[in-house]
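Asks:
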Amino acid sequence: MRADALRLLGCVRIATARQMAQVITAEDRDGRSYVRRAMKELAELGLAETNGKDGKHQIWNLTAAGQKALADGNELPPRPKAGTGAKAVRAGFGPHGVAVTDTILAYTDTVLAGGREYLTDWQVEVNHAIKEIGLSFNTDAVLAVPTKTSEVRLFEIDNGTMSQARLAKEVWDYERYAGHRVWEGARGTNGRTFPFWQRHRYTRSERFPRLHVVLAGKEEHLLDNRRQALTADVKGITIAVWVNTLPRLKRGELWYEIGVDDPDRRRDRYPEPVGR
166 MRADALRLLG CVRIATARQM AQVITAEDRD GRSYVRRAMK ELAELGLAET
216 NGKDGKHQIW NLTAAGQKAL ADGNELPPRP KAGTGAKAVR AGFGPHGVAV
266 TDTILAYTDT VLAGGREYLT DWQVEVNHAI KEIGLSFNTD AVLAVPTKTS
316 EVRLFEIDNG TMSQARLAKE VWDYERYAGH RVWEGARGTN GRTFPFWQRH
366 RYTRSERFPR LHVVLAGKEE HLLDNRRQAL TADVKGITIA VWVNTLPRLK
416 RGELWYEIGV DDPDRRRDRY PEPVGR
């Protein structure tokens, strides 16, 4: 159980005993006591720690030593820049991280049919940046599971703490990222332009990865209002955007499609880079 807890925290970064029991044991509430004992033992070994709470529930994360133990054991794909999440929890962002973990577990259970082997295909807090245009943002979670239509899926989780305008801006930032093109070719030749993301980030993807926006942190009717407002705010966007509420996702209900991938219209919207 200690090893399972280490692996899970290595994937999702922070989690409560409830979330870990959901994955590690099949005993739901009773399983939490087993997890708590395991986490206490990991803390005594200096491999895990708690830096805050989500309500009454302690939030756990790995220490640097815990991350090193996972890396030394080849338990996860190399993630050299991954943080432990401790600073975010101490700064008060623990509930948002818990919502991210809830999203990962719900999506794994409902969309991926409970395929626990897919948990190692998730990464959290993945930076997307293009220095030339001053664009930089972190995606809450990225799932890399090869499929026929898209090898990567992007996830933004709003825990009800940001303004509607800021949420819409974060979604539009993905279109800016998808629309930026780079020029390639030897000096003095015509060369060609390619999408930045296709050359430098998601080289195996035929289309820009679909963005999934998950709304949480409020009563469900308020989340539905937020979804409707976001739909209006991103009207005309040229990337694929699906939105759902966390309660609906946990129940396995359908997503709302509020944006369609349109690379031709996206190319018209963003200027071509100047050749060398």
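So in my numbering, spot 238 of the sequence shown is number 403, and the numbers just go up one at a time. Cβ coordinates follow ideal geometry from the N, Cα and C atoms, glycine included.
Closest to T299 by C-alpha separation, out of L388, V254, R341 and R430, would be which residue?
Replies: The residue you call residue 299 lines up with position 134 of the sequence shown. Residue identity differs from the one stated: residue 299 is Gly in this sequence, not Thr. The shortest Cα separation from G299 among L388, V254, R341 and R430 belongs to R341.
Asks: Should Q393 be labelled buried (16 or more other beta-carbon atoms within 10 Å of its own) or exposed?
Replies: Here residue 393 refers to the residue found at position 228 when the sequence shown is read from its first residue. Exposed, since its Cβ has fewer than 16 Cβ neighbours within 10 Å.
Asks: Look at the alpha carbon of L173 and the alpha carbon of V307, and state the distance between them as a whole number of angstroms.
Replies: Numbered from 1 along the sequence shown, position 8 holds the residue referred to as residue 173. Numbered from 1 along the sequence shown, position 142 holds the residue referred to as residue 307. Those two C-alpha atoms are separated by around 15 Å.
Asks: Would you tell me roughly how many angstroms separate the C-alpha atoms of R375 and Q232, rounded to the nearest one?
Replies: Counting from 1 along the sequence shown, the entry for residue 375 is found at position 210. Counting from 1 along the sequence shown, the entry for residue 232 is found at position 67. In a straight line, the C-alpha of R375 is about 30 Å away from that of Q232.
Asks: In the DSSP output, which residue or residues are listed as bridge partners for Y421?
Replies: Taking the first residue of the sequence shown as 1, we reach residue 421 at position 256. According to DSSP, which records beta bridges pairwise, Y421 is partnered with V408.
Asks: Once the 5 residues before and after P360 are set aside, which same chain residues still bring their CB inside 6 Å of it?
Replies: Walking along the sequence shown from the start, residue 360 turns up at place 195. Contacts found: R346.
Asks: Give me the Cα-Cα distance between G382 and L207, rounded to the nearest whole angstrom.
Replies: Position 217 of the sequence shown, counted from the first residue, corresponds to residue 382. Position 42 of the sequence shown, counted from the first residue, corresponds to residue 207. Their Cα atoms are separated by approximately 30 Å.
Asks: Below 8 Å, can you find three or more Cβ-Cβ pairs linking the segment 420-439 to the segment 394-405?
Replies: Touching, yes.
Asks: For I189, report the span of its alpha helix (DSSP H) as first-last.
Replies: As a first step, residue 189 is located in the sequence shown; it is residue number 24 there, counting from the start. Element bounds for I189: A182 to I189.
Asks: Helix, strand or coil, according to DSSP, for E321 in the structure here?
Replies: Here residue 321 refers to the residue found at position 156 when the sequence shown is read from its first residue. If DSSP states are grouped into helix, strand and coil, E321 belongs with the strands.
Asks: Would you kindly work out how many angstroms separate the C-alpha atoms of M185 and G280, rounded to a whole number?
Replies: Translated into the one-based positions of the sequence shown, residue 185 becomes position 20. Translated into the one-based positions of the sequence shown, residue 280 becomes position 115. Rounded to whole angstroms, M185 to G280 spans 15 Å at the Cα level.
Asks: Starting from T273, trace the alpha helix (DSSP H) in both directions and tell me its first and last residue.
Replies: Start at 1 with the first residue of the sequence shown, and residue 273 comes out as number 108. Counting along the chain, the alpha helix (DSSP H) containing T273 begins and ends at G259 to T275.
Asks: Where does the unbroken alpha helix (DSSP H) through T396 begin, and where does it stop?
Replies: Taking the first residue of the sequence shown as position 1, residue 396 is located at position 231. Start and end: E385 to D398.
Asks: According to DSSP, simplified to helix, strand and coil, what is S198?
Replies: If you number the sequence shown from 1, residue 198 lands on position 33. In this structure, S198 counts as helix in the three-state DSSP scheme.
Asks: Grab the span of the alpha helix (DSSP H) containing V379 for me, first residue to last.
Replies: By 1-based counting over the sequence shown, the position of residue 379 is 214. Premise fails: V379 lies in the beta strand (DSSP E), R375 to L380, not in any alpha helix (DSSP H).
Asks: Between which two residues does the alpha helix (DSSP H) holding R430 run?
Replies: As a working mapping, residue 430 is identified with position 265 in the sequence shown. Here the alpha helix (DSSP H) through R430 covers P428 to R434.
Asks: Using the Cα positions of L319 and E371, report the straight-line distance between them to the nearest angstrom.
Replies: Counting from 1 along the sequence shown, the entry for residue 319 is found at position 154. Counting from 1 along the sequence shown, the entry for residue 371 is found at position 206. Approximately 15 Å, taken between the alpha carbons.
Asks: With H, G and I counted as helix, E and B as strand and the rest as coil, what does DSSP make of G217?
Replies: Along the sequence shown, one-based indexing puts residue 217 at 52. Reduced to three states, the DSSP call for G217 is strand.
Asks: Taking the beta strand (DSSP E) that A309 falls in, what are its first and last residues?
Replies: If you number the sequence shown from 1, residue 309 lands on position 144. Looking at the DSSP string, the run of the beta strand (DSSP E) that includes A309 is L300 to A309.
Asks: Under 8 Å Cβ to Cβ from G248, same chain only, skipping five residues before and after it: list those, please.
Replies: As a working note, residue 248 is residue 83 in the sequence shown. The residues are R178 and E290.
Asks: Could you name the residues of the same chain whose beta carbon sits closer than 8 Å to that of T358, not counting the 5 residues immediately before and after it, in chain order?
Replies: Indexing the sequence shown from 1 puts residue 358 at position 193. Correct list, in chain order: R346, V347, W348, E349, E437 and P438.
Asks: Pick out whichever of L212, W362, L419 and R202 has its Cα sitting closest to the Cα of H293.
Replies: Taking the first residue of the sequence shown as 1, we reach residue 293 at position 128. Nearest of L212, W362, L419 and R202 to H293, Cα basis: W362.
Asks: Counting C-beta neighbours from all protein chains within 10 Å, is the total for N226 16 or more, i.e. buried, or is it exposed?
Replies: In the sequence shown, the residue the question calls residue 226 occupies position 61. Buried, by the Cβ-count rule.
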